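Q: Pasting a structure below so you can have a look.
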Amino acid sequence: MQILDYKHIAPSEKREGYFAIPELVRNTSSVNQFIKLSQLDIELTKPTGFIYVEGFAISQAESGVTNKVTGKYTVAVCSGTSFIMHKWLSTFKNKHFIRAATNTTGTCASGMQALHIAREWMETGVCEEVILIGGERITEDTIRLFKELRIGILCGDGFVYMKLGRGGVDIEHTKWRYAYNANAFSFTAETLNNLIPWYPVNYVKLHATGSPSNDAAEEDLAKLGIPITYKQNIGHTQGISSLLELCIVMADDSIRGSILVVANGVGGFYGSCTINK
5 MQILDYKHIA PSEKREGYFA IPELVRNTSS VNQFIKLSQL DIELTKPTGF IYVEGFAISQ
65 AESGVTNKVT GKYTVAVCSG TSFIMHKWLS TFKNKHFIRA ATNTTGTCAS GMQALHIARE
125 WMETGVCEEV ILIGGERITE DTIRLFKELR IGILCGDGFV YMKLGRGGVD IEHTKWRYAY
185 NANAFSFTAE TLNNLIPWYP VNYVKLHATG SPSNDAAEED LAKLGIPITY KQNIGHTQGI
245 SSLLELCIVM ADDSIRGSIL VVANGVGGFY GSCTINK
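Throughout, our numbering is defined as the position within the sequence shown, counted from one, plus 4.
Below, the structure written as structure tokens:
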């Protein structure tokens with residue numbers, strides 16, 4: 005499986021409590037904004053699968069509505085994953101080529117789950133190409149979530165598009181796993197060491213949430229190659245974090261060779277992949 009095309013939008017402005025994509029308007033539906041901002045022109049030419057990538061079943065890309073009189077906050081209908089998937093699919097040309105569509109909500113490991121599903125679809129003949137899309141626009145809910153979990157690093161907006169198929173930059177050894185832990189917010193080194201590859205790598209793009217437990221759990225992974233971290237500069241984009249940071253690696257011509265990309269998230273979901281460039 006190879007990366008045929010990709011596009012990403014990372015936040016460029018630090019605000020109180022989060023990193024922002026300045027062009028995004030708050031307190032209104034973001035899906036149409038991402039469609040316009042990304043300027044994607046997707047024309048399907050082969051049997052294709054589509055995966056919408058996010059952190060939660062109620063998308064953090066969307067925003068609810070606050071009643072100006074009562075101050076009560078209500079989740080908007082457009083927050084639903086099925087609605088967002090439909091909006092993106094409606095922009096595709098030659099929709100008759102769609103053979104499968106789903107979404108991944110494995111929190112921070114959603115991108116890795118999407119890559120794993122894409123490989124399975126292609127290897128079993130479900131489709132010949134797969135399109136991944138995910139967008140996250142920080143809402144009040146997101147900021148409250150980070151405070152509740154006492155996550156030290158700031159959250160962040162983000163957008164990612166990736167087209168997978170045959171011919172391009174190799175993406176190999178996709179893993180997506182679940183490991184039970186009584187603490188749904190913690191990973192042990194023993195768990196993450198399952199991602200240590202049997203082959204050498206030049207770089208390791210760590211998940212790097214900045215929490216002491218996560219940093220300690222990734223210590224062995226960090227020794228495999230030159231460590232790369234991004235969240236301190238762009239914030240934590242939750243579900244799309246691994247794909248967004250993979251795109252940043254792809255766009256950096258100074259990073260060459262074999263790169264291990266790691267993600268782990270709330271609920272015991274984690275995974276990795278390797279790219280060669």
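Glycine residues also receive a C-beta, built at the ideal position from the N, C-alpha and C atoms. Computed from a prediction, not measured in an experiment: that's the story for all the values here.
1. How many Å lie between G275 and A118 at the Cα?
2. Between C159 and the rest of its own chain, which residues show a CB-CB distance below 6 Å, the 5 nearest in sequence each way excluded?
3. Give the range of the alpha helix (DSSP H) segment to which E194 is assigned.
4. Could you tell me whether the region 127-134 touches the region 12-32, where touching means 3 or more Cβ pairs closer than 8 Å?
5. What residue range does the beta strand (DSSP E) around E17 cover?
6. Helix or strand or just coil, what does DSSP make of F54?
7. Which residue comes first and which comes last in the alpha helix (DSSP H) that contains D256?
8. Just to confirm before moving on: does the CB-CB distance between T106 and I121 stay below 8 Å?
9. Can you tell me whether F189 is helix, strand or coil according to DSSP?
10. On the three-state DSSP scale, how would you describe W125?
11. Roughly how far, in whole angstroms, is the beta-carbon of I175 from the beta-carbon of V208, given that I think they are within contact range, below 8 Å?
12. DSSP puts W202 in a beta bridge; with which residues?
13. Please state if the CB of S246 and the CB of A267 are separated by a distance shorter than 8 Å.
14. What distance in whole Å lies between the Cβ atoms of L136 and V57, which are believed to be in contact at a cut-off of 8 Å?
A: This is what the structure gives:
1. 11 Å
2. Excluding sequence neighbours, C159 sits near Y22, I142, T146, F150, G239 and H240.
3. Here the alpha helix (DSSP H) through E194 covers A193 to L196.
4. no
5. E17 to R19
6. strand
7. Per DSSP, D256 belongs to no alpha helix (DSSP H) and is neither H nor E.
8. In this structure, I121 lies closer than 8 Å to T106 by Cβ.
9. coil
10. helix
11. About 16 Å; that fails the 8 Å criterion.
12. Bridge partners of W202: none, in fact.
13. yes
14. 6 Å
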